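Protein chains in written order, with our numbering: chain A, 1 to 218; chain B, 1001 to 1218; chain C, 2001 to 2218; chain D, 3001 to 3218.
4 protein chains.
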Amino acid sequence: MARSRDALDDPGRAEAFSDGVFAIAITLIVLEIGVPHVESDQSLWSALGKQWPSYAAYVVSFLVIGIVWANHHTLFSYIARVDRTLLFLNLLILLTVALIPWPTSLVADYLDTGGSQAKVAVAVYSMVNVAMAATFSLFWWYVVRRAPHLLHDDVDRAAASASLHRFSLGLLVYPLTVLLAFVVPIATMAVHGVIAVYYAFNQLSIPRSGAAPAEETA
Amino acid sequence: MARSRDALDDPGRAEAFSDGVFAIAITLIVLEIGVPHVESDQSLWSALGKQWPSYAAYVVSFLVIGIVWANHHTLFSYIARVDRTLLFLNLLILLTVALIPWPTSLVADYLDTGGSQAKVAVAVYSMVNVAMAATFSLFWWYVVRRAPHLLHDDVDRAAASASLHRFSLGLLVYPLTVLLAFVVPIATMAVHGVIAVYYAFNQLSIPRSGAAPAEETA
Amino acid sequence: MARSRDALDDPGRAEAFSDGVFAIAITLIVLEIGVPHVESDQSLWSALGKQWPSYAAYVVSFLVIGIVWANHHTLFSYIARVDRTLLFLNLLILLTVALIPWPTSLVADYLDTGGSQAKVAVAVYSMVNVAMAATFSLFWWYVVRRAPHLLHDDVDRAAASASLHRFSLGLLVYPLTVLLAFVVPIATMAVHGVIAVYYAFNQLSIPRSGAAPAEETA
Amino acid sequence: MARSRDALDDPGRAEAFSDGVFAIAITLIVLEIGVPHVESDQSLWSALGKQWPSYAAYVVSFLVIGIVWANHHTLFSYIARVDRTLLFLNLLILLTVALIPWPTSLVADYLDTGGSQAKVAVAVYSMVNVAMAATFSLFWWYVVRRAPHLLHDDVDRAAASASLHRFSLGLLVYPLTVLLAFVVPIATMAVHGVIAVYYAFNQLSIPRSGAAPAEETA
C-alpha cells in the first residue's frame, strides 16, 4: 500500500528541488554588492555610502524571493501529487525566480543614475516580477481548473477555484509597477518591498476539512 | 528490520546530493547574463536588447537542466538501492550537468558573432549535451544489464532492459546537434530547447506491478 | 490525525530552506579568495602570502556562519510549529546571514591597508554581526514572549523566557566589536573567530521534560 | 518515546547541511572555467584548447569532492548521534571542502606555465587535500577513541577503532603529493584524480551486526 518515497507523482522531490533553487537565488543576490575600490587617501565610508542602490536592491530582492518562496510553499501544501505538466509549469516559475539576481544587479548599477536608465532598469525589474506572477497564475490555474485531482482530498475545491481571482488581482497590480517605474523609479523599488511584506502576512489560505493541529511532522 | 536512514545502499542521500547539484547548476547560469555598461547618454534598452544571446542561452539551459533533473528523478524512482559503481556513475552524470553553465556562457558570448565562432560555441554546447546523454546511458545500462538487483522489486525487468533502446536513440540524436551547429548555430540552440520540452512530456516510463495511488508520502 | 508533510505550520520546510541559505552563504565566501596574477619571473608563493587577509576573513566567516547555523538549528529544535510572523522574522535572520560574503570581501580587500580603511572594513563586518544578533534576538523574543504556543510542549516555558537574557548579552557584546574595530581592526577579526568558537561549545540549552535518548531518527 | 526530528543530537540536519556544502562546492568549481576572449579573425577552437588546465582541474576537483562526499556519507552512516565537539569537527571538514574551488582556480591559471609557478599551484592544491584528510582523521579519531557512544549500536567498536589506521595511511600519502608537485606538477594532478577514483571503490567499511537488506527507506 505504501509506495516508495520516489513515486513519480510525489510532490516531495519537486518541492525540495524548488526550495534549493529559491535558497540559491536568494543567496546569490549578495554577489551584486561589490566592494568599492578606493585609493589610500580616499574615504571608504563615502565609497560605501555611494553604493546605496546595491543595498536597497539586495533588501528588496531578498524579501521578494523570500515571500515568493513562502507562497510557493503554501501552494504546494494543497497539492497531493504532481503530473508532468505541473512539473513543467513549476519549472517555468523557477525560471523566473532564478532570474531575479540579474534585474537586481541591473537596478543596483543604474538606480542612482537619475535619468532614463534608472527607469529602464526598474521597469525591467518590474517586468521580471510580472513574469513571475504570470507563471504562478498559470501554475495555479492548471491545478484548480484543469487538474483538481492533484489537490489534497481535504482541500475545498470551490474555494481553491475561487482563489484564482486573487491571483488575477496580482496580474493587474504588477504591470502597474512597470508603468510606475517610468515615473518614480526609486519609489517603485520601495513599492516592490512593500508588496512583498504585504504578501508575507496575507498569504493564500484555502479552507481544509478536518485538519487537526499537528504536533509532530515526519 | 528497519535500518537506519543512513544505510550505505540507501539511494536517498545520493538523490538529495544530486538534487542539490542540479538546483545549484540551474541557478548559477543566471550569472552569465551580464549587466551592460552604457554611458549616461546611451540607451539602456538598446544595450539590453543586444544581449539577446544571453537570454536565449539562459532559457535553453534552464529547460535542459530542469528536464534532465526530472529524468534523473524518474530513473531513481526505479532504484531501490545503490552500490559504489552506481554512485560513481551518478557522479559522472553530475560532472556533465554541473558543467553546463560554462558552455552556456560560451554561447551567450559568441552566438551573435555570425562567423565560425558562433558555430564552435554551439558545437561545444552540443558536445556537453552528448556527454550528458552518454553518462545517463552508461548509468542506466549498468542498472538494467549489470545490476538489476538494484531495481525496485515491482519494476518490470524486461521492460527496464528494453528501455535502453530509447537511451540509445538519444545517443544518435544528440551527436546530430553537434553537426547541425556548424550549419545553423542559432537554430541548433532552439532545437536543444525543443528537445528539452519534448522530454518534459515524454519521460521514460516502465511498468510497475501493483502500485496503488499514493495519497501521502513520507 | 497525521497531517501531510506540507502542513502550513510545519517548521520543517522553513528549516530546510534556512539550511540551504546557510550552506550556500558559507560556501560562497570562498569566491572572495582571488587568484593572484604574477608575471613569469615573479614568485607565486610571495603573491599568495600577501593574500593573508583573504584567508583570515575566510576562516573567521566560515566559523561565524557555521556556528550561527548550529544556533539556528538549536532554536528550531524547540519550535513545534511556525506562524507567518515567525517565517518573516526567520527571513530577516537569513537576510543578514546571506549578506556575510559581502563584508567578508570588504575585509579581505582592506584589512592589510593599515590606515582608516581597515578600520572601516572591520567596523562594517562587526555591524553586520550586530544586525545578525539583533534579528536572532527579535526572533527568539517573539517566540518566548509573544507566541510561546509555537514551542514544543516539552520545553520549559519559564526557562525559555529566561534564556532571552543571554541573547540580550549578545546584543551588548557585538556592538563592542564595532568600537574595537576602530582601535585594533586585525585583532577584532580574531575576536569574531573566538566568539564563534565559544558559541560552538556553549549553545543555548533549555530544559525539556521527559526526553529519552533517541537511537533512530526519522 | 519518539523524539522530534529536531532533537539536538540528531545527525540528520548536520548531514543535510554538509550535503549542501558539498553540493555547492562541487558545482561552484565550474566558475573557474572562463570563456576565452578572441577577436573575430581568431580561432575559438584554438583558444578553447589552450584552456586545458581548466578542464583538467575541473574534472579532478569534481572527482575529489564527489568521492569525499561519499566517504563523508559513509562515516555518518555509522553515527547515531552528534555532540557539539563533533559538530565543530565536522565544520572543520567542511571548511577544507568548501575551500577547494580556490586551489582549483589556482591550478587552472598556472598549471601550463611550466616553471616554478605550476609547482607552487599544485603544491597548494595538495596541501588543501592534506588539510582535508587531517580534518577527516581528527573527526574519526574523536568518534572512535573519545566518543564511541556516538556510534550506532550495531557498529563493531573494535573494527571502528582499527579503521583509524587506514586514515593514518591517508595522512602519509597526501603529504607525498605535496612533494611530488615540485617534481612533476601535471602528473601530480593526475595522481589526485587516481586517488579519488581508488577511494570511490574502496571506501571505509566496518562490520555491523544484524543488518538486514532494506527494501524501503523512510
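Cβ atoms here follow ideal geometry from the backbone N, Cα and C, with glycine treated the same way. Values in this document were obtained by computation on a predicted structure and should not be read as measured data.
Going by other Cβ atoms of all chains shown within 10 Å of its Cβ, with 16 needed for buried, is residue i buried or exposed?
| i | result |
| --- | --- |
| proline 213 of chain A | Summary for proline 213 of chain A: the model assigns pLDDT 40, below 50, so the residue's position carries little reliability; its value from the coordinates is reported in the next sentence. With fewer than 16 other Cβ atoms within 10 Å, it is exposed. |
| glutamate 1039 of chain B | exposed |
| leucine 2048 of chain C | buried |
| asparagine 129 of chain A | buried |
| arginine 2081 of chain C | buried |
| aspartate 3019 of chain D | buried |
| arginine 5 of chain A | Note that arginine 5 of chain A scores 42 on pLDDT, short of 50, meaning its location in the model is unreliable; the coordinates nonetheless yield the value given after this. Buried. |
| histidine 2152 of chain C | buried |
| arginine 13 of chain A | buried |
| tyrosine 2078 of chain C | buried |
| proline 985 of chain B | In the structure as shown, chain B starts at 1001 and stops at 1218, and residue 985 of chain B therefore has no counterpart that could be examined. |
| alanine 2025 of chain C | buried |
| leucine 2150 of chain C | buried |
Would you list the residues sitting across from residue i in a DSSP beta bridge?
| i | result |
| --- | --- |
| leucine 1151 of chain B | B:Ile1079 |
| arginine 3208 of chain D | D:Val3155 |
Identify which residue in the options has its Cα closest to the Cα of residue i.
| i | options | result |
| --- | --- | --- |
| aspartate 1112 of chain B | B:Tyr1055, B:Ile1029, B:Glu1015 | B:Tyr1055 |
| aspartate 3009 of chain D | D:Thr3085, D:Trp3141, D:Leu3094 | D:Thr3085 |
| alanine 2159 of chain C | C:Ser2205, C:Val2191, C:Val2183 | C:Ser2205 |
| alanine 133 of chain A | A:Ile67, A:Val144, A:Ala187 | A:Ile67 |
| aspartate 41 of chain A | C:Leu2150, C:Ala2118, C:Thr2135 | C:Ala2118 |
| tyrosine 174 of chain A | A:Tyr125, A:Ser43, A:Ile24 | A:Tyr125 |
| phenylalanine 136 of chain A | A:Ala70, A:Thr27, A:His37, A:Ala80 | A:Ala70 |
| leucine 2099 of chain C | A:Ser61, A:Ala131, A:Ser18, A:Met127 | A:Ser61 |
| histidine 3072 of chain D | D:Phe3022, D:Leu3031, D:His3192, D:Leu3028 | D:Phe3022 |
| alanine 2181 of chain C | C:Ala2190, C:Pro2011, C:Arg2145, C:Ala2123 | C:Ala2123 |
| proline 3103 of chain D | D:Leu3031, D:Gly3012, D:Pro3148 | D:Leu3031 |
| isoleucine 1029 of chain B | B:Leu1106, B:Leu1176, B:Ser1043 | B:Leu1106 |
| threonine 188 of chain A | A:Ile26, A:Ala16, A:Ser46, A:Ala121 | A:Ala121 |
| aspartate 3154 of chain D | D:Pro3036, D:Leu3169, D:Ser3209, D:Asp3083 | D:Ser3209 |
| tryptophan 3045 of chain D | B:Leu1164, B:Tyr1199, B:Tyr1110, B:Leu1151 | B:Tyr1110 |
| serine 2116 of chain C | C:His2152, C:Arg2146, C:Ala2162, C:Ile2186 | C:Ile2186 |
| methionine 2127 of chain C | C:Pro2036, C:Ala2025, C:Tyr2198, C:Leu2176 | C:Leu2176 |
| phenylalanine 167 of chain A | A:Phe17, A:Val143, A:Leu95, A:Val178 | A:Val143 |
| alanine 1200 of chain B | A:Ile24, A:Asp83, A:Pro36, A:Ser43 | A:Asp83 |
| leucine 95 of chain A | B:Ile1065, B:Leu1095, B:Val1097, B:Thr1096 | B:Ile1065 |
Quick one: what's got a C-beta closer than 8 Å to residue i's C-beta in the same chain, skipping five residues either side?
| i | result |
| --- | --- |
| phenylalanine 139 of chain A | Leu75, Leu86, Leu89, Asn90, Leu92, Ile93 |
| isoleucine 2033 of chain C | Gln2051, Ser2054, Tyr2055, Tyr2058, Ala2108 |
| asparagine 1202 of chain B | none |
| proline 3011 of chain D | Phe3076, Ile3079, Ala3080, Arg3081, Val3082 |
| proline 1101 of chain B | Ala1025, Leu1028, Ile1029, Leu1031, Glu1032, Ser1061 |
Quick one: list the residues of chain A neighbouring residue i, beta-carbon separation under 8 Å, in chain order.
| i | result |
| --- | --- |
| alanine 2121 of chain C | Leu44 |
| alanine 1200 of chain B | Arg84, Leu87, Phe88, Leu91 |
Name, please, each residue of chain C whose Cβ falls closer than 7 Å to the Cβ of residue i.
| i | result |
| --- | --- |
| histidine 73 of chain A | Arg2013 |
| glutamine 206 of chain A | The question names glutamine, yet the displayed sequence has isoleucine at residue 206 of chain A. Correct list: empty, because the minimum Cβ distance to chain C is about 10 Å. |
Using a Cβ cut-off of 7 Å, pull out every chain B residue sitting near residue i, in sequence order please.
| i | result |
| --- | --- |
| tryptophan 3069 of chain D | Phe1017 |
| alanine 3023 of chain D | Phe1017, Gly1020, Val1021, Ile1024 |
| aspartate 109 of chain A | Val1035 |
| leucine 171 of chain A | Within 7 Å Cβ-Cβ: nothing; leucine 171 of chain A doesn't reach chain B, min ~21 Å. |
Whose Cβ in chain C lies nearer than 8 Å to the Cβ of residue i?
| i | result |
| --- | --- |
| glutamine 3051 of chain D | Result: empty, since nearest Cβ-Cβ is about 14 Å, beyond 8 Å. |
For residue i, collect the residues of the same chain with a Cβ closer than 6 Å to its Cβ; drop the 5 residues on either side in sequence, then sort them by chain order.
| i | result |
| --- | --- |
| valine 1183 of chain B | none |
| leucine 1253 of chain B | As shown, chain B starts at 1001 and ends at 1218. That puts residue 1253 of chain B outside it, with no answer to give. |
| glutamate 2015 of chain C | Phe2076 |
Can you name the residues of chain A whose CB is closer than 7 Å to the CB of residue i?
| i | result |
| --- | --- |
| threonine 2113 of chain C | Ser40 |
So which residues of chain D does residue i contact, with C-beta pairs closer than 8 Å?
| i | result |
| --- | --- |
| proline 1101 of chain B | Val3030, Leu3031 |
| valine 1124 of chain B | Leu3048 |
| leucine 1179 of chain B | None at all; the shortest Cβ gap to chain D is about 16 Å. |
At a CB-CB cut-off below 7 Å, which residues of chain D make contact with residue i?
| i | result |
| --- | --- |
| threonine 2027 of chain C | Val3021, Ile3024, Ala3025, Leu3028, Ala3098 |
Only counting the same chain, and skipping five residues up and downstream in sequence, which positions put a Cβ closer than 7 Å to that of residue i?
| i | result |
| --- | --- |
| leucine 1171 of chain B | Ala1133, Ala1134, Ser1137 |
| alanine 1211 of chain B | For alanine 1211 of chain B, the pLDDT reaches just 47, beneath the cut-off of 50, and the residue's location in the model is therefore unreliable, leaving the point undetermined. |
| tryptophan 141 of chain A | Leu164 |
Taking C-beta pairs closer than 9 Å, name the residues in chain B that residue i reaches, listed in chain order.
| i | result |
| --- | --- |
| leucine 106 of chain A | Val1035, Pro1036, Leu1044, Leu1048 |
Starting from the beta carbon of residue i, find every residue of chain D whose beta carbon is closer than 9 Å, and list them in chain order.
| i | result |
| --- | --- |
| glycine 2193 of chain C | Going along chain D, no residue has its Cβ under 9 Å from glycine 2193 of chain C, so there is no contact; the nearest lies around 12 Å. |
For residue i, return the contacting residues in chain C, with the cut-off set at a CB-CB distance below 9 Å.
| i | result |
| --- | --- |
| leucine 3176 of chain D | In chain order: nothing, as chain C lies at least about 20 Å away. |
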